[in-house]
Amino acid sequence: WSTLLYDAFRPRWRKDEKAYPNQIIEFLENCAEKVFTQYVRSRLKEATEEVRSGKEVQEQFHDEEYLNEHFDMVASLARAAPLPSLQLLAKIMKTKTSLIANAAGAKSSNRTFNQKQIFTIREAQEQLFWIIKILGHVMADATEGEVPMIPNRLMKLSEKTKSPLPEPLIVTSETVLAYAQLESRLIRANRMDETLSPYIANTLIWYLERWSLSYLMPNESLYSSISPRLWAALGDNSESGVRVLEAIIDKAATNILEWPHEDKVAETSAHLLYQLVKSPKIRSKLLMTKSWWRILKAYTDHKSTVLRLSSNALSKLIQAMCYAIAEGGDKTKKLQMFTSVVGPIRGILEATIGQKDFLKLRSDSQTLGRLRVAVALLHGVGRTSG
49 WSTLLYDAFR PRWRKDEKAY PNQIIEFLEN CAEKVFTQYV RSRLKEATEE VRSGKEVQEQ
109 FHDEEYLNEH FDMVASLARA APLPSLQLLA KIMKTKTSLI ANAAGAKSSN RTFNQKQIFT
169 IREAQEQLFW IIKILGHVMA DATEGEVPMI PNRLMKLSEK TKSPLPEPLI VTSETVLAYA
229 QLESRLIRAN RMDETLSPYI ANTLIWYLER WSLSYLMPNE SLYSSISPRL WAALGDNSES
289 GVRVLEAIID KAATNILEWP HEDKVAETSA HLLYQLVKSP KIRSKLLMTK SWWRILKAYT
349 DHKSTVLRLS SNALSKLIQA MCYAIAEGGD KTKKLQMFTS VVGPIRGILE ATIGQKDFLK
409 LRSDSQTLGR LRVAVALLHG VGRTSG
């Protein structure tokens, strides 16, 4: 049904709003709402069955290209009926977040989960994976090769939703940020149990990157018109926009600095920071966030939670730092900050190469590890020197 309805909509999407008479458009939008709602319910049901049976019933989604094409099609239907689609996804997101929060709270007085509780949590997490994935495709388009922009249908929805009605794009975005904050609280509380899922954490970082590059501090010159409510909430001159940026940087910082055994999560978080600095408006505000300074301090203090990152992730993290430094402050302050970033590289090299019997130790795994870190950091600095 999803495929058939998608094909029915394509003539309209290829042309303009007048491709069909209003009655046909209204009928198709009503169909889109019903089919999308049923699709989401079916997807959540299959997620539950996978957890309960212990068998995969959706193996085709291991193919990333197929997964993205599939969700792009589903997202097109959701955008055809944007308000009910976003309301449905936000409601599910909020419900599943509350379930995991309540489970984590219950364990504070009961040290272990029973089997039923474990299944309930795993079902919620599996469903969250699909909801976050669907939301990522509905809310924003892929960023590769394109300038990230808020989709037209969603921008129009925001513009026509007047106060005191809740702004649907903001409400939906807040439900995902609420889960991100819950996840950070669990990490800080050292809750390394069933309530934390590295798989969901990676999916969440994927969503935050995709969403941020389109919505957070958007470039108004790219739009013929921009929703006043979205601009007031997420524009570069809004206090709430800086608070959202702080929340996203805090999520990345928590993953890198306080979840020491999840290297993949830390690496995707470093990549998120690298992607964020590509936006000049975001870049100019990074130094205003406490979490950014927390990452910088951990790096200058040679914290192992930072230096454990892969060479690629270290390079991207140092590039993000250099780009952010280049954006803010006077020349003297920039030089001081740049020196604080480059200084640790020199320290690592001098401590490694300058050690006694270096030539004998150069094949030692610990020595090679330090050199790997230094080369990765130098690579990052070199990439930004232009």
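The sequence shown begins at 49 in the working numbering and counts up one residue at a time. By construction, the Cβ of each residue, glycine as well, lies at the ideal position given by its N, Cα and C atoms. Note that the coordinates shown come from a computational prediction; the quantities given were computed from them, not determined experimentally.
Output yes or no for whether 8 Å exceeds the beta carbon distance between S206 and S260. Translated into the one-based positions of the sequence shown, residue 206 becomes position 158. Translated into the one-based positions of the sequence shown, residue 260 becomes position 212. No, Cβ-Cβ distance for S206 and S260 is not below 8 Å.
DSSP three-state call for I274: helix, strand or coil? Residue 274 sits at position 226 when you count from the first residue of the sequence shown. In the three-state scheme derived from DSSP, where H, G and I count as helix and E and B as strand, I274 is classed as coil.
Pick helix, strand or coil for H427, following the three-state DSSP scheme. Reading the sequence shown from its first residue, position 379 is the one you call residue 427. H427 falls in the helix class under three-state DSSP.
Where does the unbroken alpha helix (DSSP H) through R394 begin, and where does it stop? Numbered from its first residue, the sequence shown carries residue 394 at position 346. Note, R394: alpha helix (DSSP H), K379 to I401.
Report the option in A249, G430, K144 and P199 whose CA atom is closest to the CA atom of A172. For this step, residue 172 is matched to residue 124 along the sequence shown. Residue nearest to A172 within the set A249, G430, K144 and P199 is K144 (criterion: CA-CA distance).
Short of 7 Å in beta carbon distance, which residues of its chain neighbour V219, apart from the five on each side in sequence? Order them along the chain. By 1-based counting over the sequence shown, the position of residue 219 is 171. A138, listed in sequence order.
Extent of the continuous alpha helix (DSSP H) to which A295 belongs: For the purposes of this step, residue 295 is identified with residue 247 of the sequence shown, where counting begins at 1. E287 to E306 is the extent of the alpha helix (DSSP H) around A295.
For A301, the nearest candidate out of Y347, R331 and R239 (CA to CA): As a working mapping, residue 301 is identified with position 253 in the sequence shown. Of the candidates Y347, R331 and R239, the one whose C-alpha sits nearest the C-alpha of A301 is Y347.
Would you please state the rounded distance, in angstroms, between the beta carbons of Y87 and L183? I believe it to be under 8 Å. The sequence position of residue 87 within the sequence shown is 39, counting from 1. The sequence position of residue 183 within the sequence shown is 135, counting from 1. Between L183 and Y87 the Cβ distance is about 14 Å, and since that is not below 8 Å, they are no contact.
Tell me the DSSP secondary structure of S2 in three-state form. Because the chain in this structure spans residues 49 to 434, residue 2 falls outside the shown range and cannot be described.
For A129, does the three-state DSSP call read helix, strand or coil? What you label residue 129 is simply residue 81 of the sequence shown in a count that begins at 1. It is coil, neither helix nor strand.
Neighbourhood of A281 by C-beta distance below 6 Å, restricted to the same chain and skipping five residues each side: As a working note, residue 281 is residue 233 in the sequence shown. Closer than 6 Å at the Cβ level, and outside the excluded window around A281, lie I218 and S288.
Whole-Å CB distance - V224 paired with M336, under 8 Å assumed: Sequence index remark: in the sequence shown, residue 224 carries index 176 (1-based). Sequence index remark: in the sequence shown, residue 336 carries index 288 (1-based). Taking the Cβ atoms as the reference, V224 lies roughly 22 Å from M336, outside the contact range of under 8 Å.
Quick check: the Cα distance between G435 and I198, rounded to an integer number of angstroms? The structure shown does not extend to residue 435, since the chain is modelled only from 49 to 434, so the question has no answer here.
Own chain residues within Cβ distance below 7 Å of A120, not counting five before or after: As a first step, residue 120 is located in the sequence shown; it is residue number 72 there, counting from the start. The sequence given here places Asp at residue 120; Ala does not occur at that position. So the qualifying residues of the chain are H185.
What residue ranges within the region 241-272 form continuous alpha helix (DSSP H) runs of no fewer than 4 residues, ordered along the chain? 246-263
May I ask you to report which of helix, strand or coil DSSP gives R62? Counting from one through the sequence shown, the residue named residue 62 turns up at place 14. Note on R62: pLDDT 48, under 50, position unreliable in the model; no value is reported.
Would you mind stating whether L213 and E231 have Cβ atoms separated by less than 8 Å? The residue you call residue 213 lines up with position 165 of the sequence shown. The residue you call residue 231 lines up with position 183 of the sequence shown. Not in contact: L213 and E231 (Cβ atoms no closer than 8 Å).
Using three-state DSSP, classify K210 as helix, strand or coil. As a working mapping, residue 210 is identified with position 162 in the sequence shown. Three-state DSSP puts K210 in coil, outside helix and strand.
Under 8 Å between the Cβ atoms of F177 and Y247? In the sequence shown, the residue the question calls residue 177 occupies position 129. In the sequence shown, the residue the question calls residue 247 occupies position 199. Result yes, Cβ atoms of F177 and Y247 sit closer than 8 Å.
Can you tell me whether V354 is helix, strand or coil according to DSSP? In the sequence shown, residue 354 corresponds to position 306, counting from 1. Here V354 sits in helix by DSSP.
Please classify Y322 as buried or exposed, where buried requires at least 16 other C-beta atoms within 10 Å of its C-beta. The residue labelled residue 322 in the question sits at position 274 within the sequence shown. By the neighbour-count criterion, in which a residue is buried when 16 or more other Cβ atoms sit within 10 angstroms of its Cβ, Y322 is buried.
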